[in-house]
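These notes are about the structure you will find just below.
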Amino acid sequence: MTTIAFTCSWCKMQTGSAPGYCCVTDNNTRTYVAVSCAACAMPSILSFQRRNWNTRDDPADTAYWIARFTQPRSYPGVVLTPPVDEHFPPLIEGAPDGIEDEKLTQRWLQAEAAIANPAVGAENAAAAYRRVLERAVRLRDSSPDSKEMLGKRIVRLVSEGKLDKDLADLLHAGKLIPNEGAHTDDELDEDDVQTARDLVQALLIQLFTVPHLAQLARDRMAARDKP
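Under our numbering, think of the first position of the sequence shown as 30, with each following residue one higher.
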């Protein structure tokens, strides 16, 4: 069976899948393939540049592989692994709206790249999201230059009404905030990393996206009310 080797953005598994649909567009320069993950069965759309559609070094193989792949039959043992230019849903999701700090955006993208690559490992991926959390909290902290630990900064954000207490409690429970009074060697797994990602994304939305959208609404209403 002809298969596409790719990383599923739903379950993050490196997998292969028989294509459900293939077409060549843009003057035969770009190929779009709809596939379903062999592990979780969720659909994805992959996009490839035609010049990369080969399994050997010679770009002249491109047309040959496209012809074999698009014919209505299967070929035993053929696994295509061209570089993916675009992937929907994206493997790496952009930072939430409202973030203007370049370093925070970069940390988020690094964390997204880490969780998308199983070889990075759960501990390293979780650490990447923790770095996002630390930067985000410092940016919204009324005392950003203090030497206080992350947990105390989050408590202050709650007391100042910038962060919901329930979310702060979940950040503690989700192993994102180190317990300063305990020493634990608990290992993190993939569920822990996904939880960390969800909680950090929720924090970014609350600290940056919600104020950003509220300001946009205020600006539109103010412009509307002008005589």
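In this text, a Cβ means the ideal position worked out from N, Cα and C, and glycines have one as well.
Inter-residue distance for residue 129 and residue 74 is about 30 Å (C-alpha atoms, whole angstroms).
Look at the beta carbons and you see the segment 176-186 not touching the segment 142-157: under three pairs across the two are nearer than 8 Å. Three or more beta-carbon pairs separated by less than 8 Å are not found between the segment 140-155 and the segment 181-190, which leaves the two stretches without contact. Just so you know, the alpha carbons of residue 126 and residue 40 end up roughly 24 Å apart. Going by beta carbons, residue 169 and residue 236 fall inside the 9 Å limit. Exclusion of the five residues before and after residue 160 leaves 136 as the residues of its chain whose Cβ lies within less than 6 Å of its Cβ.
In chain order, 216, 217 place their CB closer than 8 Å to the CB of residue 152, counting only its own chain and leaving out the 5 sequence neighbours on each side. When beta bridges are read from the DSSP output, residue 237 appears opposite no residue. For residue 75, the three-state secondary structure derived from DSSP is strand.
Contact check for residue 196 against residue 231 passes: the beta carbons are separated by less than 9 Å. When rounded, the separation of the alpha-carbon atoms in residue 162 and residue 224 is 13 Å. Assigned with DSSP and collapsed to three states, residue 65 falls in strand. In the DSSP assignment, residue 44 forms a beta bridge with 35.
DSSP, reduced to helix, strand and coil, places residue 193 outside both helices and strands of the structure shown, so it counts as coil. For residue 70, the secondary structure class from DSSP, reduced to helix, strand or coil, is coil. Under the DSSP assignment, residue 183 falls in the alpha helix (DSSP H) whose first and last residues are 179-188.
Per DSSP, the unbroken alpha helix (DSSP H) holding residue 132 starts and ends at 131-145.
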